[in-house]
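Engineer: Got a structure for you, written out below as structure tokens; questions coming shortly.
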Amino acid sequence: RKEVEQDPGPFNVPEGATVAFNCTYSNSASQSFFWYRQDCRKEPKLLMSVYSSGNEDGRFTAQLNRASQYISLLIRDSKLSDSATYLCVVDTGTASKLTFGTGTRLQVTL
Amino acid sequence: GAGVSQTPSNKVTEKGKYVELRCDPISGHTALYWYRQSLGQGPEFLIYFQGTGAADDSGLPNDRFFAVRPEGSVSTLKIQRTERGDSAVYLCASSKTGTGYEQYFGPGTRLTVT
């Protein structure tokens, strides 16, 4: 089983739609969780951290369920500029390294 | 301020050759990481430096790969006897310190081994 699993997509959605991505992780000792965004042929950039209480940043909402080892990202009112690959990322804490999922590709269309 | 920089941006080399990839982290960041990303995959951890020392090199695939950070700033990833399977984008990231701080990535070096 992969340490971090994501549906690779692609998710093709019209502008204005709401889209949700899910991710599961295998290491129950994981301490920190993130969503990174990666545009084509560019480096990953932090989109948001994910907290147990859930957190929201504008149109983006992230949720963490430690019992199920499950992370989600919700994007409301999708924009064309949201088209990218979204990487689910887990930090084991003690190792200080990030473990990335393979990413979920989102394509927002007119 | 300046972000993480990596040179070269692209490197084409022949199988069996030696290559060096350079990373210049954000000033003041003590933690530095190397990752490798193959097509269609997420970045894969290679090695983590805290200051000058390699705190975790568990991701290096074999002894052909080596990295240094002699003065606690710039780091060089060295690959000996390159193989076609080494072709990937090599990403460097830095953070203020280790665990819990955001990692900022450089643009990567695209390595192609022919």
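These protein sequence lines are chains A and B, in that order. Residues 61 to 170 (the working numbering) are what the first sequence spells out, left to right. Residues 411 to 524 (the working numbering) are what the second sequence spells out, left to right. Quick reminder that beta carbons are idealized off the backbone N, C-alpha and C, glycines included.
Give a yes or no on whether the minimum CB-CB distance between L158 (chain A) and chain B is below 8 angstroms.
Structural biologist: So, interface residue.
Engineer: Among the candidates A:S90, A:A80, A:A77, A:D137, whose CA atom is the shortest distance from the CA of V64 (chain A)?
Structural biologist: Nearest option by C-alpha distance: A:S90.
Engineer: Can you tell me which of B:T524, B:L442, B:E430, B:A498 puts its alpha carbon nearest to the alpha carbon of Q490 (chain B)?
Structural biologist: Closest option to Q490 (chain B), Cα to Cα, is B:E430.
Engineer: Between which residues of its own chain and V110 (chain A) is the CB-CB distance below 6 angstroms, once the five residues before and five after are set aside?
Structural biologist: Around V110 (chain A): F93, A122, L124, I131.
Engineer: Take A464 (chain B) as the anchor and find which of B:S448, B:S497, B:G450, B:E481 has the nearest alpha-carbon.
Structural biologist: It is B:E481.
Engineer: Using the beta-carbon count (16 or more within 10 Å), is T164 (chain A) buried or exposed?
Structural biologist: Buried.
Engineer: In angstroms with no decimal places, state the Cα-to-Cα distance between T492 (chain B) and P517 (chain B).
Structural biologist: When rounded, the distance between both Cα atoms is 22 angstroms.
Engineer: Quick one: Cα of V79 (chain A) to Cα of R479 (chain B), how far?
Structural biologist: So the alpha carbons of these two residues sit roughly 42 angstroms apart.
Engineer: For S129 (chain A), report the span of its beta strand (DSSP E) as first-last.
Structural biologist: Residue identity check: residue 129 (chain A) is Gln in the sequence provided, not Ser. Premise fails: Q129 (chain A) is in no beta strand (DSSP E) and is neither H nor E.
Engineer: Using the Cβ count rule (16 or more neighbours within 10 Å means buried), how would you classify K139 (chain A)?
Structural biologist: With fewer than 16 Cβ atoms within 10 Å of its Cβ, K139 (chain A) is classed as exposed.
Engineer: Can you find a C-beta in chain B that's less than 8 angstroms from the C-beta of T164 (chain A)?
Structural biologist: It does not: the Cβ of T164 (chain A) has no partner Cβ on chain B nearer than 8 angstroms.
Engineer: So which of B:E424, B:V414, B:Q416, B:P471 has the shortest CA-CA distance to V523 (chain B)?
Structural biologist: Ranking the options by Cα distance to V523 (chain B), first place goes to B:E424.
Engineer: In three-state terms, what does DSSP make of D473 (chain B)?
Structural biologist: In the structure shown, D473 (chain B) sits in coil (DSSP, three-state: anything other than H, G, I, E or B).
Engineer: Against chain A, which members of the stretch 469-481 of chain B pass a CB distance test of less than 8 angstroms?
Structural biologist: The stretch 469-481 of chain B vs chain A, Cβ under 8 angstroms: G469.
Engineer: For the stretch 439-453 of chain B, which residues have a CB atom closer than 9 angstroms to at least one CB atom of chain A, in sequence order?
Structural biologist: If the cut-off is 9 angstroms between Cβ atoms, the stretch 439-453 of chain B has A441, Y443, Y445, Q447, G450, Q451, G452, P453 near chain A.
Engineer: Out of A:T84, A:L134, A:K62, point me to the one whose CA is closest to N115 (chain A)'s CA.
Structural biologist: That would be A:L134, whose Cα lies nearest to the Cα of N115 (chain A).
Engineer: When you compare each of B:R432, B:T440, B:Y458 to K421 (chain B) by their alpha carbons, which one comes out closest?
Structural biologist: It is B:R432 whose Cα lies nearest to the Cα of K421 (chain B).
Engineer: Among all the DSSP beta bridges, which residues are the ones paired with G463 (chain B)?
Structural biologist: For G463 (chain B), which the question treats as bridged, DSSP gives the partners B:Q460.
Engineer: Mind checking which residues open and close the beta strand (DSSP E) that includes Q447 (chain B)?
Structural biologist: First-last of the beta strand (DSSP E) with Q447 (chain B): 441-447.
Engineer: Helix, strand or coil: how does DSSP classify D434 (chain B) here?
Structural biologist: Strand at D434 (chain B).
Engineer: DSSP puts Y421 (chain B) in a beta bridge; with which residues?
Structural biologist: Per the sequence shown, the amino acid found at residue 421 (chain B) is Lys instead of Tyr. Answer by DSSP bridge pairing, in chain order: B:L521.
Engineer: Ends of the beta strand (DSSP E) at Q123 (chain A)?
Structural biologist: Where Q123 (chain A) is concerned, the enclosing beta strand (DSSP E) stretches over 120-125.
Engineer: Is L170 (chain A) helix, strand or coil when you go by DSSP?
Structural biologist: Coil at L170 (chain A), not helix or strand.
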